[in-house]
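Engineer:
Residue numbers (UniProt numbering): 1 to 365.
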């Protein structure tokens, strides 16, 4: 639920307000730290992947190492998002009931998808001579039936569809527990035959990871398994499998077996969860979980920023790949966070949720 963004009696300085954006987040002690760490790592991988991919498509002569990182880590970064989402599906559904659950998902996922997807496509049409993603007015229709053609926004459409299908199968058809994993496996198998129809293919492809998250939610969230398990030993045991899996993915990703891919993604996902829990215990790199809290807003806006950065550098005659990548990465993560808080302060909550009551936020000066 939204927390009040009250305006104090004395106006803070701009610097003080910027500092309060960062410090205000840490005043909330109810959030699960490792979840925000996981979201932070995942969104950083997404921003970097889109950034170097966009620069590469311009024909720039890039060092192969810059492309190696996103190519290798791609196999588990999106499964991680779906897994984390799955951890909270049952809890949210039981708390809100079906109608409230679907209303929440419409307000916080589908509405931003439609709004920001349309804004990005409109911007790409207006700047078609400067961008490397050619769009026309017909692409607006893809938001409704072929989200894969809306660039990165396919994820939000898939996330919404996963939530809807989970609610229906869990509450109406009483498909629960391990049967959700069985359903996810069936969806994954069927998705191979629906690659030309992304509205169904994308959510069916990733549903298994949300189903796994749902099945592990009580173990992780209620029984606190991560705190009790010997994560160091688990990580050490999984490390050879993780390395071998990433090597196999990188060398065979064009013809890898569907179920082997799932296994590789699952191991990678588990390793990231272990890392995030270790970071949360030590409270290391707190900026990473601050970024993770804002992962949705970064996801919505980062392509505008990194594309604008690349266009600006090109106009200025700056073609240094390291400079473009480093600057684009910093701005692509930082400016969406700033934009979110400026918008909230000015009453622009509707940019991120159809219903203000469904928008989570925290107090700033």
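Glycine included, C-beta positions come from ideal geometry on N, C-alpha and C.
Please determine if the stretch 72-79 and the stretch 121-129 are in contact, where contact requires at least 3 C-beta pairs separated by less than 8 Å.
Structural biologist: Counting Cβ pairs under 8 Å, fewer than three are found: no touch.
Engineer: Given this structure, state the Cα-to-Cα distance separating residue 50 from residue 138, to the nearest angstrom.
Structural biologist: About 23 Å.
Engineer: Could you check if residue 215 is buried or exposed, using at least 16 other CB atoms within 10 Å of its CB as the buried criterion?
Structural biologist: It is buried - the Cβ of residue 215 has at least 16 other Cβ atoms within 10 Å.
Engineer: Quick check for students: name the residue ranges of the alpha helix (DSSP H) that lie wholly in the stretch 8-34, counting only runs of 4 or more.
Structural biologist: Listed in chain order, they are 14-26.
Engineer: Mind reading off the beta-carbon distance from residue 258 to residue 355? Whole number of angstroms is fine, and I expect it under 8 Å.
Structural biologist: Wrong, their Cβ atoms sit about 38 Å apart, outside the cutoff.
Engineer: What number of angstroms, rounded off, separates the C-alpha of residue 220 from the C-alpha of residue 117?
Structural biologist: Using only the alpha carbons, I get a separation of about 34 Å.
Engineer: Name the residue from 335, 338, 307, 285 whose alpha carbon lies nearest to the alpha carbon of residue 57.
Structural biologist: The shortest C-alpha separation from residue 57 is found at 307.
Engineer: According to DSSP, is residue 37 part of a helix, a strand, or is it coil?
Structural biologist: Residue 37 falls in the helix class under three-state DSSP.
Engineer: Exposed or buried, what is residue 162 when buried is set at 16 or more other beta-carbons lying within 10 Å of its beta-carbon?
Structural biologist: Result: buried.
Engineer: Helix, strand or coil: which one does DSSP assign to residue 281?
Structural biologist: Of the three classes helix, strand and coil, the one that applies to residue 281 here is helix, per DSSP.
Engineer: Using the Cβ count rule (16 or more neighbours within 10 Å means buried), how would you classify residue 59?
Structural biologist: Result: exposed.
Engineer: With a threshold of 7 Å on Cβ separation, who are the neighbours of residue 19 within its own chain once the five nearest residues in sequence on each side are excluded?
Structural biologist: Cβ neighbours of residue 19 beyond the five flanking positions: none.
Engineer: In the DSSP assignment, find the unbroken alpha helix (DSSP H) run with residue 315 in it and report its ends.
Structural biologist: It spans 295-315 - the alpha helix (DSSP H) in which residue 315 sits, taken as one unbroken run.
Engineer: What three-state label does DSSP hand residue 75 in the structure shown?
Structural biologist: Three-state DSSP puts residue 75 in a helix.
Engineer: Do the stretch 335-342 and the stretch 285-304 meet, that is, are 3 or more Cβ pairs less than 8 Å apart?
Structural biologist: Output reads yes: the stretch 285-304 touches the stretch 335-342.
Engineer: Quick check on residue 193: does DSSP put it in helix, strand or coil?
Structural biologist: It is coil, neither helix nor strand.
Engineer: Put residue 223 into one of helix, strand or coil per three-state DSSP.
Structural biologist: Three-state DSSP puts residue 223 in coil, outside helix and strand.
Engineer: Considering only C-alpha positions, which residue in the set 281, 347, 275, 310 is nearest to residue 41?
Structural biologist: The shortest C-alpha separation from residue 41 is found at 275.
Engineer: If you check the beta carbons only, do residue 69 and residue 48 fall under 9 Å apart?
Structural biologist: Cβ atoms of residue 69 and residue 48: closer than 9 Å.
Engineer: Could you give the DSSP three-state label for residue 252: helix, strand or coil?
Structural biologist: Residue 252: helix per DSSP, three-state reduction.
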